[in-house]
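Going by numbering that gives the first Met the number 0, the sequence shown opens with residue 0, and the numbers climb by one from there.
Read through the structure below, which is laid out as structure tokens, and then see the notes.
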Amino acid sequence: MNGPPSPRPARPMSVKEITNAAEDFEFRTTIPFKYWARSADTLFQEALFALQDRDIGKAYQMLWRHSILVLQHLKTHPDAKLPENKALTKPLFNRQQKEVFGLLEELKPQIEREYNEWKSMDASRRTADDETAKRPSSYDEFAARDPTLSGNAKILDAADNQELAVSLAQRDFKRRDAARRATRQAGVTEEEEQERRKGGRWEDWEQLGSPTAAATDDDEIRRQIEATRRRLDGADQGRDDDSVRQSQAPSYGRPAPPPNYSYHYPSISRPRALEWEATPFEPQRTYAPTPPQPPKPPKEGFTMLRQELDAAPPMRPGKNPLPLYEPSHDVPELPAKELVAAPSAKERLTFRPAAYLENGDPIRPVFLPTQLRDRFLSIASENTRKGLEMCGILCGRPVNNALFISCLLIPEQRSTPDTCETENESSMLDYCINEDLLMVGWIHTHPTQTCFMSSRDLHTQAGYQVMMPESIAIVCSPRHQPSYGIFRLTNPPGLTHILQCTKSETFHQHSIDNLYTKAQNPPGHVYHSDRLDFYVKDLRPNR
């Protein structure tokens, strides 16, 4: 397929552009305080993952947003002074003072150097880039908002390279888990381990980790790439020679790293550079059928996020069935396929956005283990027999700008026939931080109702999606067909409308109907994978 030489913007973002993007979020006190505290932890975790991927622009953006949230917004929340929320706030302020400020100071000069190097390119290159900039594609315009997709990165399509994406993720999981086990066996404290993780990106990566294990993983990934190339070469035999093109992108020097942190604990090894075949190939996408979407039920329930539920929930107002929102055609199309060329030694490997929000913002791919839903339903079966809801948290890690769910976390919770509310929030946050996990979304059952997003579900989802736009909600309705759905809020109007909703009733209606949409690919950003491993962690007492 013919197309532009490269759909990604080569210009790195400036510090000002990154900070402007970081401050572009809406803080609403209608979202319970615990969700904002959880968001702060997510931002810091995302920054550490970005540092380990050498994505300093993304790391700076997450750290700056963490600073704005913790220093400016949290104290304005009406529930900030409650004892349980003070307990959540104190470690956030300590982390801001002891860690975040220092990281921002380290990263800023590197971002400035990279940006200044781009500005000092030779005149001919600059002129060529200016001519290209006059004719930006939709992808160029929106990808330029993401520091991960700017600068010097080799960008691939996750939909066309799903096997490779999962292989890279599994190798990364093994590497991180092995390093974490080593630090714990060495008696390293959690504070020291956090310091090691921050500093690990500046280590001499080639001297760390297990060479044998790394070689084995690289062999497997090379086999994946070679198998994909052979398959796609076969599909392209009938094409004209002029349809084969080589992606070319300018390569910029990377600034010298700052001095290493002074520690001597086991460190996470840097991901090794992939060995790419010189023969270019053009991937093709194969879509799997998506399950039919359920009709909206005549009623919907909403639970106010509070400490105790009323013994008997109030009557829910009637609501006419509403169609599931379908994406608008105004959303920018994905860029044309481009041939995959070998990345240079200084390039990062990253996956391009899997989909776009209704406002055009790109969102990362999310890979979901196929077997996770059945495992959750097995755990929830006792509650389902009793007619009680149950929920779990979908936890995972980002690898190469894609999110991979690897843990089904069962939190302490309080369940009713229409609601399930997490409890002991600090235990969830502590577990995710200690295990290097992000909360990517949630899953819950509707034991008696059909598969849809109730108004209560919409408010809960807003708490996840306000800081991580890729966050998903999985609804399981084991007694109805279809028995499940994967959803996200539309943005706009869904997320904005829910954030602005001030209704205090446990169950209430909203004035618009296109509040959420399906997230499974196609056309969404969630991919199922049979090869992606996961485990269950149950935090409920006596489990």
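Glycine residues also receive a C-beta, built at the ideal position from the N, C-alpha and C atoms.
None of these values were measured; they are calculated from a predicted model.
With a threshold of 7 Å on Cβ separation, who are the neighbours of residue i within its own chain once the five nearest residues in sequence on each side are excluded?
i: L376; result: C475 and P477
i: H76; result: T28, F32 and W35
i: V14; result: K107, I110 and E111
i: L387; result: S414, T415, P416 and P446
i: H479; result: T449 and C450
Using a Cβ-Cβ cut-off of 6 Å (strictly less than) and excluding sequence neighbours within five positions of residue i, which residues of its own chain qualify?
i: I404; result: L367, L393, G395 and V439
i: N84; result: F32 and D78
i: E424; result: K33
i: L488; result: Q460, Q464, L494 and Y515
i: R530; result: V165
i: R37; result: none
Does residue i come out as helix, strand or coil in the three-state DSSP assignment?
i: A353; result: coil
i: C431; result: helix
i: K89; result: helix
i: L576; result: As shown, the chain starts at 0 and ends at 542. That puts residue 576 outside it, with no answer to give.
i: G440; result: strand
i: D373; result: helix
i: V187; result: coil
i: A401; result: strand
i: L348; result: strand
i: I110; result: helix
i: S503; result: coil
i: I378; result: helix
i: S510; result: coil
i: P11; result: coil
i: G300; result: Unreliable placement is indicated for G300, whose pLDDT of 39 sits below 50; the coordinate value is still reported in the next sentence. Coil at G300, not helix or strand.
i: P521; result: coil
i: V542; result: In the sequence as presented, Val is not what sits at residue 542; that position holds Arg. Note: R542 maps to coil in three-state DSSP.
Roughly how many whole angstroms lie between the Cα atoms of residue i and residue j?
i: G208; j: N358; result: With a pLDDT of 39 at G208, under the threshold of 50, the modelled position of this residue cannot be trusted; read the value that follows with caution. If I take the Cα positions, the gap works out to 42 Å.
i: R179; j: K173; result: 10 Å
i: T18; j: N382; result: 46 Å
i: D429; j: L87; result: 11 Å
i: T444; j: P492; result: 26 Å
i: I473; j: N93; result: 34 Å
i: D532; j: M120; result: 45 Å
i: E469; j: W117; result: 30 Å
i: R455; j: D512; result: 15 Å
i: V398; j: L167; result: 8 Å
i: R347; j: A152; result: 4 Å
i: L498; j: T418; result: 20 Å
i: K97; j: R53; result: 22 Å
i: L91; j: Y463; result: 18 Å
i: Q448; j: I30; result: 26 Å
i: R175; j: E504; result: 45 Å
i: A401; j: D171; result: 12 Å
i: V187; j: A181; result: 9 Å
i: P410; j: Q508; result: 28 Å
i: E105; j: N115; result: 17 Å
i: N433; j: A58; result: 19 Å
i: V535; j: D373; result: 12 Å
i: L103; j: S426; result: 28 Å
i: R544; j: E113; result: Because the chain here runs from 0 to 542, residue 544 falls outside it and cannot be looked at.
i: S380; j: T501; result: 35 Å
i: N541; j: L371; result: 23 Å
Return the first residue and the last residue of the beta strand (DSSP E) that residue i is part of.
i: P397; result: C390 to V398
i: L155; result: A152 to L155
i: R487; result: Y483 to L488
i: A471; result: Checking the sequence shown, residue 471 turns out to be Ile, not Ala. I471 to C475 is the span of the beta strand (DSSP E), which, as asked, contains I471.
i: E420; result: C419 to T421
i: P368; result: V365 to P368
i: H626; result: This structure cannot settle anything about residue 626, because the visible part of the chain is limited to 0 through 542.
i: V99; result: Taken as a continuous stretch (DSSP letters only), V99 belongs to no beta strand (DSSP E), as it is neither H nor E.
i: K536; result: Y534 to D537
i: Q448; result: Looking at the DSSP string, Q448 is not in any beta strand (DSSP E), and its letter there is neither H nor E.
i: Q480; result: Looking at the DSSP string, Q480 is not in any beta strand (DSSP E), and its letter there is neither H nor E.
Within a Cβ cutoff of 8 Å, which residues of the same chain sit near residue i, ignoring the five residues on either side of it in sequence?
i: Q95; result: H65, S66, V69 and L70
i: T543; result: Residue 543 is absent from the structure shown; the chain starts at 0 and stops at 542.
i: Q412; result: M389, C390, C419, E420, T421, E422 and R539
i: N490; result: L356, E357, N358, D360, Q464 and P468
How is the alpha helix (DSSP H) around residue i delimited, first residue to last?
i: M61; result: I55 to I67
i: S119; result: Segment: none, S119 is in no alpha helix (DSSP H) and carries neither H nor E.
i: E45; result: F32 to Q51
i: T459; result: S454 to Q464
i: H496; result: G493 to Q499
i: D171; result: Q161 to Q184
i: T18; result: V14 to A21
Assess contact between the stretch 35-54 and the stretch 440-449, defined as three or more Cβ pairs (one per stretch) separated by less than 8 Å. Is contact present? no
Are there three or more Cβ pairs, one per stretch, closer than 8 Å when the stretch 526-535 is compared with the stretch 152-170? yes
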